[in-house]
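Have a look at the structure below, then the notes.
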Amino acid sequence: MPADRLLNNVLQHYQDVHHDARTEQIIGSTVHLLTELTNPLNLGLLTSHLLTAPALWKRSDQLPIALRIISIYNTAGVRVHRNQAQGEGSGVGCEEWTRAVVKGCDERSRRWQHLLVLTGVLMGMEGDDRRSLSGSLRNTLGNAVATAANLALDTQALDGPVGAGSIALALTYAFPLLSPHHQAQINCDKVIPVLTWALAGEEGLRYGEFLDVITRDMPPTNNGVATWSEKSASFLQLQQLESRPLVNAMGPLTKLAGFAIQRAEDSTVVLDAQVSLFDLSSKLLGAWSRSPFRAIDPAEESVRLSPETLQSTWPSLWRLLRKALFGIVATLQAAVARSLLDPVMLNERVAYDFATKSLHTLRNLCFISSRDSNKAFQAYTFAYMASIDVLTRSSSASDAYLRSARTSDPAYSPVDHLDRTMDIFYLSLAEHLPLSLPTASCEELIIKPASAYLEHDGRLSPAMVELFESAHSAILSVLSCPQHSSLTMTMVPFYIVKLFESFPHRISPRQFRVAFKTVMQIVSPPFPISMMEPHLSETLLEMLRYQAINAPTSPLPPAADSASHAAGEESGEELLSAQSALVLALIDSLPFLPLPLLEEWLTIAAEVLNTIADPGLRQPVKKRFVDVLVSGELDVERAAIGVAWWGTKGGRDLVAQGGVPQAAMMSGALSGDEAVSRL
């Protein structure tokens, strides 16, 4: 069909709403016309009518149409560039085609629709390093994109959700192609609310409503097994949500949001964006807490989920949740980075409120971030650690945060996986705060909740092991603070008993050694407790020595915790028994002993080492003993004692040869059992 006749047909079809198949035909014909029309005036006419066509804009779901507009002009631009390079097509060159299309963005259509066309043209002509336009026209087109975006932002409140969504969508695709000069022209103060709405609102994650839809759609559990069918309406809705333009482009969207947050002139806009992220995270957590999935431990998925759920719907749900996590955290990271430099946000009251809300946002997302190492990315680490750094500047802010984040009953040991996950986050964060808290707060907000888990004697799932480890770390962080010496004196005996009870069933050799070494350092000089209880360090070593002598001698299985397993693989660590691990803990503690005790305990450690009967288990312990003496772990005074003990006081023979006793005899006497040379 001739192009002019096809143009008339397409313009007629623009006037009515059609079924999906006919609409696709119209879009295909439009792309064809954009590449084949020879009269630039017709290109502008086609664009003008396309942006007001009822066939597209009277449909119920308009944001996918906005994406199609970008796609139409992107595809047409690529074809025009290719035709020009090959000497084919209508004969209209790239620059003439660009000017003709842009002229079709007239007063009959909205500014956000102009932005869609300009974005598509920019992508088609300059995407993938095509460089189809001259420098001046490329600059003009970039300026037009920035201007159209700002004009659209001025009227987006009147344009409704489709206008806001189209602005976010177009800028997401156009932003990487704009020069820094044109990027800086975008009104960041006005674009931030649009982008946060695009992330959280009805065109984005819909404030987590999809989780409530899934919960309502699931049948009651059968013998504890949850079933969520791939044929259910909720799963279809989830798939549709994943394919939505803004959800599909969430990575570039959050990158644009980060840029805008860094460049915004009004700090209040950034604070409002953080509130939006916090609200979204709160609604996601609330919806998850109402879901039957909240109680499912990852280690029990194979028995708590039906096969269909486990293989089909469950992975799709977590794919969307991970996307939500990355989008929220990446945007939050930009806001946290800004808060460290912005004079308004550095105000004490604002800074502490901002850090607290950031940590609450991350806490709300911990049911996602705790799974499959989902939090192992730089933006999460920065937002988490920077917020903690700000919070630790204030004792009252640290205290207030822990009180708002802790469980209502510190002695309560939850059986629900979500509650355990929240407690892991709480204890892991709490271990950073003891230096900022008074002793009474440390006891109430850290020691008591952590102690409840030290006394747990139920089944140890991987999540429970992690919670148990977090409890140990939180307690050690309190005990390590010199200002809490009064609390340390009362806690150390209880903690050491729990430590011995936990090994080797609940904690690995590596964890036991780190914990015991830390306690020994705490109760030794120069910590104040060493002056108040000078015999405590030797008492703890005596307890350890007794445990080592009576400990099992069979090799332990590989460490279950990931940190210990990774450390063992990296260092090529040999197998250990419970006995050899305890002896290693004793040797690790030697550098912290008071000077008068060191020589005696060097001998005792060597003697205990020789009680390890298996040479394969004894050898790594012997190697560690020598490393302590020669690696610089001992300070100058202790090193001098160690050298003297090794060289002149029998230490070398005791360690290297086991200190086999010789028969007593007078100096110069001859042994009757040995052959004596007569020479």
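Sequential numbering from 37 applies to the sequence shown in the working numbering. In this text, a Cβ means the ideal position worked out from N, Cα and C, and glycines have one as well.
Would S600 be called buried (16 or more neighbouring beta carbons within 10 Å of its own) or exposed?
Here residue 600 refers to the residue found at position 564 when the sequence shown is read from its first residue. Note that S600 scores a pLDDT of 48, beneath 50, so its modelled location is shaky; the value from the coordinates is reported in the next line. With 16 or more Cβ atoms within 10 Å of its Cβ, S600 is classed as buried.
From the DSSP output, in three-state form, read off L341 for me.
Translated into positions along the sequence shown, residue 341 becomes position 305. It is a strand residue.
With H, G and I counted as helix, E and B as strand and the rest as coil, what does DSSP make of P593?
Counting from 1 along the sequence shown, the entry for residue 593 is found at position 557. Note: P593 maps to coil in three-state DSSP.
Can you tell me the Cα-Cα spacing of S317 and T304, whole angstroms?
Counted from its first residue, the sequence shown places residue 317 at position 281. Counted from its first residue, the sequence shown places residue 304 at position 268. Rounded to whole angstroms, S317 to T304 spans 20 angstroms at the Cα level.
At a threshold of 7 angstroms, does V138 count as lining the ligand FMN (C-beta to nearest heavy atom)?
As presented, the structure is devoid of all ligands, the ligand FMN included, so that no description of it is given.
Can Y50 and A91 be called in contact, C-beta distance under 8 angstroms?
What you label residue 50 is simply residue 14 of the sequence shown in a count that begins at 1. What you label residue 91 is simply residue 55 of the sequence shown in a count that begins at 1. Their beta carbons are under 8 angstroms apart, which means Y50 touches A91 by this criterion.
Sub-8 angstroms separation of L576 and I565 beta-carbons:
Within the sequence shown, residue 576 is the residue found at index 540, counting from 1. Within the sequence shown, residue 565 is the residue found at index 529, counting from 1. For L576 and I565, no; Cβs fall outside 8 angstroms.
The alpha helix (DSSP H) enclosing G64, as first and last residue numbers
In the sequence shown, the residue the question calls residue 64 occupies position 28. G64 -> alpha helix (DSSP H) spans D56 to E72.
Residues sharing a beta bridge with N258, DSSP
In the sequence shown, counting from the first residue as 1, residue 258 sits at position 222. V261, per the DSSP bridge assignment.
Between D435, P351, I648 and S423, which has its C-alpha nearest Q275's C-alpha?
One-based indexing of the sequence shown puts residue 275 at position 239. Of D435, P351, I648 and S423, the residue nearest in Cα terms is P351.
Residues bridged to S613 [DSSP beta-bridge criterion]:
Translated into positions along the sequence shown, residue 613 becomes position 577. BP columns for S613 point to P591.
Do you know offhand how far M254's Cα is from D248's?
Here residue 254 corresponds to residue number 218 of the sequence shown, with the count starting at 1. Here residue 248 corresponds to residue number 212 of the sequence shown, with the count starting at 1. Cα to Cα, the separation comes out at about 10 angstroms.
Residue burial classification, L353 (beta-carbon count within 10 angstroms, cutoff 16):
Here the question's residue 353 lines up with position 317 in the sequence shown. With 16 or more other Cβ atoms within 10 Å, it is buried.
So, under 8 angstroms CB-CB, L361 and S405 are touching, yes? Tell me the CB distance rounded to an integer number of Å.
Here residue 361 refers to the residue found at position 325 of the sequence shown. Here residue 405 refers to the residue found at position 369 of the sequence shown. Contact holds; Cβ gap of about 6 angstroms.
Once you ignore the five residues that flank A584 on each side, which residues in its own chain have a CB closer than 7 angstroms to its CB?
Taking the sequence shown and counting its residues from 1, one reaches residue 584 at position 548. The residues are Q615, L618, V619, L622 and V644.
Nonlocal neighbours in the same chain, by C-beta distance under 6 angstroms from F418, ignoring five residues either side:
The residue given as residue 418 occupies position 382 in the sequence shown. Here the set comprises Q369.
By alpha-carbon positions, which one of K359, A121 and A642 ends up nearest to V664?
By 1-based counting over the sequence shown, the position of residue 664 is 628. V664 has its Cα closest to that of A642, out of K359, A121 and A642.
Top-ranked residue by Cα proximity to E337, from L173, F536 and A262:
Counting from 1 along the sequence shown, the entry for residue 337 is found at position 301. Checking every option, the nearest Cα to that of E337 belongs to A262.
H520 in three-state terms, based on DSSP:
Walking along the sequence shown from the start, residue 520 turns up at place 484. DSSP places H520 in helix when its eight states are reduced to three.
I want to know whether the stretch 217 to 234 touches the stretch 174 to 186 - three or more CB-CB distances under 8 angstroms.
yes
Option nearest F403 by Cα separation, candidates D455, D671 and A234:
As a first step, residue 403 must be located in the sequence shown, where it is residue number 367. The shortest Cα separation from F403 among D455, D671 and A234 belongs to D455.
Using DSSP with H/G/I as helix, E/B as strand and the rest coil, what is M381?
Residue 381 sits at position 345 when you count from the first residue of the sequence shown. Coil at M381, not helix or strand.
CA-to-CA distance, D459 to S598, given in whole angstroms:
Position 562 of the sequence shown, counting from 1, holds the residue named residue 598. Position 423 of the sequence shown, counting from 1, holds the residue named residue 459. Only weak support exists for where S598 lies, its pLDDT of 48 falling under 50; the coordinates are left without a value.
According to DSSP, simplified to helix, strand and coil, what is E605?
Taking the first residue of the sequence shown as position 1, residue 605 is located at position 569. Note that E605 scores a pLDDT of 47, beneath 50, so its modelled location is shaky; the value from the coordinates is reported in the next line. In the structure shown, E605 sits in a helix (DSSP, three-state: H, G or I).
Proximity winner among S544, H508, D408 and A391, relative to F530 (alpha-carbon distances):
Counting from one through the sequence shown, the residue named residue 530 turns up at place 494. It is H508.
Report the start-end ranges of each alpha helix (DSSP H) in the stretch 355 to 428 that is 4 residues or longer and not cut off at the edges.
384 to 400, 402 to 405 and 414 to 427
From which residue to which residue does the alpha helix (DSSP H) around C130 run?
What you label residue 130 is simply residue 94 of the sequence shown in a count that begins at 1. Per DSSP, C130 belongs to the alpha helix (DSSP H) from C130 to K139.
I believe V550 touches V528 by the beta-carbon criterion, under 8 angstroms. Please report the beta-carbon distance rounded to the nearest angstrom.
Residue 550 sits at position 514 when you count from the first residue of the sequence shown. Residue 528 sits at position 492 when you count from the first residue of the sequence shown. Not a contact, Cβ separation roughly 16 angstroms.
Below 8 angstroms between beta carbons: does that hold for I297 and R374?
Residue numbering aside, residue 297 sits at position 261 when the sequence shown is read from its first letter. Residue numbering aside, residue 374 sits at position 338 when the sequence shown is read from its first letter. Against a cut-off of 8 angstroms, the Cβ pair of R374 and I297 comes out as a contact.
Contact check, E673 vs P627, beta carbons under 8 angstroms
Translated into the one-based positions of the sequence shown, residue 673 becomes position 637. Translated into the one-based positions of the sequence shown, residue 627 becomes position 591. Cβ atoms of E673 and P627: not closer than 8 angstroms.
Our contact map puts L321 next to N400 with C-beta atoms below 8 angstroms; I'd like the distance itself, whole angstroms only.
Within the sequence shown, numbered from 1, the residue matching residue 321 stands at position 285. Within the sequence shown, numbered from 1, the residue matching residue 400 stands at position 364. 4 angstroms between Cβ atoms; contact.
Exposure of Q120, with buried meaning 16 or more beta-carbon neighbours within 10 Å
In the sequence shown, the residue the question calls residue 120 occupies position 84. Result: buried.
Where T83 falls: helix, strand or coil (DSSP)
As a position in the sequence shown, residue 83 is number 47, starting the count at 1. In this structure, T83 counts as helix in the three-state DSSP scheme.
In the DSSP assignment, find the alpha helix (DSSP H) that holds V53 and state where it starts and stops.
In the sequence shown, the residue the question calls residue 53 occupies position 17. Segment: none, V53 is in no alpha helix (DSSP H) and carries neither H nor E.
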